[in-house]
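A.B. asks: When we follow our numbering, the leftmost residue of the first sequence carries the number 2, and every step to the right adds one.
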Amino acid sequence: MPELPEVEHVVRALRRAVTGRRIVAAELKLPRLAAPISPLAFSRKLRGALIQRISRRGKYILIELDSARVLAVHLRMTGKFVSLPLEATLPKHAHIIFYLDDDRRLVFCDQRQFGRLWIVASSDLKSMAQLNSLAPEPLGKEFTFEYLRQTLSRSRRSIKQLLLDQTKVLGLGNIYAGEALFLARISPFTPASQLSKKRTERLYESIRIVLKEAIAGGSTLRIDLDDDGSDYIGTSERFWRVYDREGEPCPRCGARIRRVVHGGRSTYFCPRCQRR
DNA sequence: ACCCTCACCTGCACGC
DNA sequence: TGCGTGCAGGTGAGGG
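In C-alpha cells:
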C-alpha cells in the first residue's frame, strides 16, 4: 500500500479515529514488530497514555502521547490500521491490539510482517536514526529545485534508483517514482547526474504534482466501513498512468508501455515518451 | 561515502 | 488439485 500519499491518508484517518483517546491496554502479539522492546515493556510504556497528536515524517507515522513518548510506525509493504468495536472479530494478521477508552480496539494488521513500531522519548525523536537521515519533505519549503539539482548531480545511480532512496528524495516508492518519471518524460535508466537542467525542472514539478494529486484524489474514498463497524483506515484505489500497465497504450502517445526489472524492482515506462 | 545484493514474510496468480 | 515459480506499493544489514 503505502507511499507518502497513502501514509498521509492513514494519518488523516487515524487523527479522526483516535485523537484524544486513551490507550487502556496494548498487546503486542508478534514481538518482532517492535523489537528490541519486549511485549511486556511495550504494553507498560503505552498503558494509560493519551493520544494527543498524529503526524508524519516521510512514510513514518508519528503518534504523540501525553507521556512524553512517541509511537512511531512504519507500514512497510502491507501494514494497516483497523479500528473496530470490542465485540467485532479480529481481522487476519492482527499483530498488535490497542484497547482504547471508547470501547474500540485499534488493531495493527500486517500480512507480510514487515511493518515496524518504535516507542521513543519525545526528546529523542529527532535523533532517531531512521528519521534524521531522511531527505526534506517533498511538499515542504526545504525541497527546492536547487536541492534536487544538487542531489542528482552527486549521484552516479540511475534516476529511478535515486528517487527510491529516502535519504535523497523523500516519499516516493516504486509506483510514484515511475509515475513522476513518466510525467516528466524521463527515462528511468538515465544516470541521475546526467539530467539536464530542463529535465530536472520537469522532474521537480512532476514529483510534487504526482504526490499532490494522489493526496487530493484518494481523499474521497478514504474509509471503507464494514458491516461490523470496522474501519479500514486509509484504504483507497487509484489510477496509475504507467504502473502495472505493461502492454497497454501510453496515455500520451499510444506506444506500448514496457516493464523491465531495474534495481530489483518492476519499472514501467513508455519507450517513446521517455527516451534518454 | 556510496551503492549493490540479499533478507525479511505471506499470499496470490500463473503455467504445467 | 497440486506444485513450483515469480511477484508484490519497503527498508536495513552486510559487504565490496
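Positions of the beta carbon are idealized from the N, C-alpha and C atoms, including for glycine.
All of these numbers come straight from a predicted model, not from anything done at the bench.
1) The beta strand (DSSP E) spanning GLU180 covers which residue range?
2) List in chain order: all unbroken beta strand (DSSP E) runs of 3+ residues lying wholly within the region 67–127.
3) Starting from ILE210, trace the beta strand (DSSP E) in both directions and tell me its first and last residue.
4) For LEU182, which residues from the same chain have a beta carbon less than 8 Å from its beta carbon, with the 5 sequence-adjacent residues on both sides left out?
5) Our contact map puts LEU51 next to ARG23 with C-beta atoms below 8 Å; I'd like the distance itself, whole angstroms only.
6) Would you decide whether PHE146 is buried or exposed? Buried here means 16 or more other CB atoms lie within 10 Å of its CB.
7) On a Cα-Cα basis, can you pick out the residue from LYS198, ALA18 and ARG266 that is closest to ASP104?
8) Within a Cβ cutoff of 8 Å, which residues of the same chain sit near LYS213, ignoring the five residues on either side of it in sequence?
9) In chain order, what residues of the same chain lie with their CB nearer than 6 Å to the CB of VAL262, ignoring the 5 residues before and after it?
10) Is ARG22 helix, strand or coil when you go by DSSP?
11) Classify LEU226 as buried or exposed, calling it buried when 16 or more other Cβ atoms lie within 10 Å of its own Cβ.
12) According to DSSP, simplified to helix, strand and coil, what is ALA136?
C.D. replies: To lay it out plainly:
1) For the purposes of this step, residue 180 is taken as the residue at position 179 of the first sequence. Where GLU180 is concerned, there is no enclosing beta strand (DSSP E), although the alpha helix (DSSP H) it sits in stretches over 175–185.
2) Within the region 67–127, the complete beta strand (DSSP E) segments of 3 residues or longer fall at 70–75, 80–86, 95–101, 105–111 and 117–122, listed in chain order.
3) Along the first sequence, read from residue 1 onward, the residue named residue 210 stands at position 209. Element bounds for ILE210: not the beta strand (DSSP E) but the alpha helix (DSSP H), 198–218.
4) For the purposes of this step, residue 182 is identified with residue 181 of the first sequence, where counting begins at 1. ILE160, LYS161, LEU164, SER188, PRO189, LEU204, SER207, PHE270 and GLN275.
5) The count along the first sequence starts at 1 and reaches residue 51 at position 50. The count along the first sequence starts at 1 and reaches residue 23 at position 22. For LEU51 against ARG23, the beta-carbon gap comes to about 5 Å, under 8 Å, which counts as contact.
6) Within the first sequence, residue 146 is the residue found at index 145, counting from 1. Under the 10 Å beta carbon count, PHE146 is surrounded by fewer than 16 other beta carbons and is classified as exposed.
7) Here the question's residue 104 lines up with position 103 in the first sequence. Of all alpha-carbon atoms in LYS198, ALA18 and ARG266, the one lying nearest the alpha-carbon of ASP104 is that of ALA18.
8) Stepping through the first sequence from its first residue, residue 213 is reached at position 212. Counting only Cβ-Cβ distances below 8 Å, and skipping sequence neighbours, we find LEU140.
9) As a working mapping, residue 262 is identified with position 261 in the first sequence. Within the same chain, VAL262 has no close Cβ partners at all.
10) The residue labelled residue 22 in the question sits at position 21 within the first sequence. Reduced to three states, the DSSP call for ARG22 is coil.
11) The residue labelled residue 226 in the question sits at position 225 within the first sequence. Legend: pLDDT at LEU226 = 36, less than 50; position of this residue unreliable, value from coordinates given subsequently. When all chains shown are included, LEU226 counts as exposed.
12) By 1-based counting over the first sequence, the position of residue 136 is 135. Reduced to three states, the DSSP call for ALA136 is coil.
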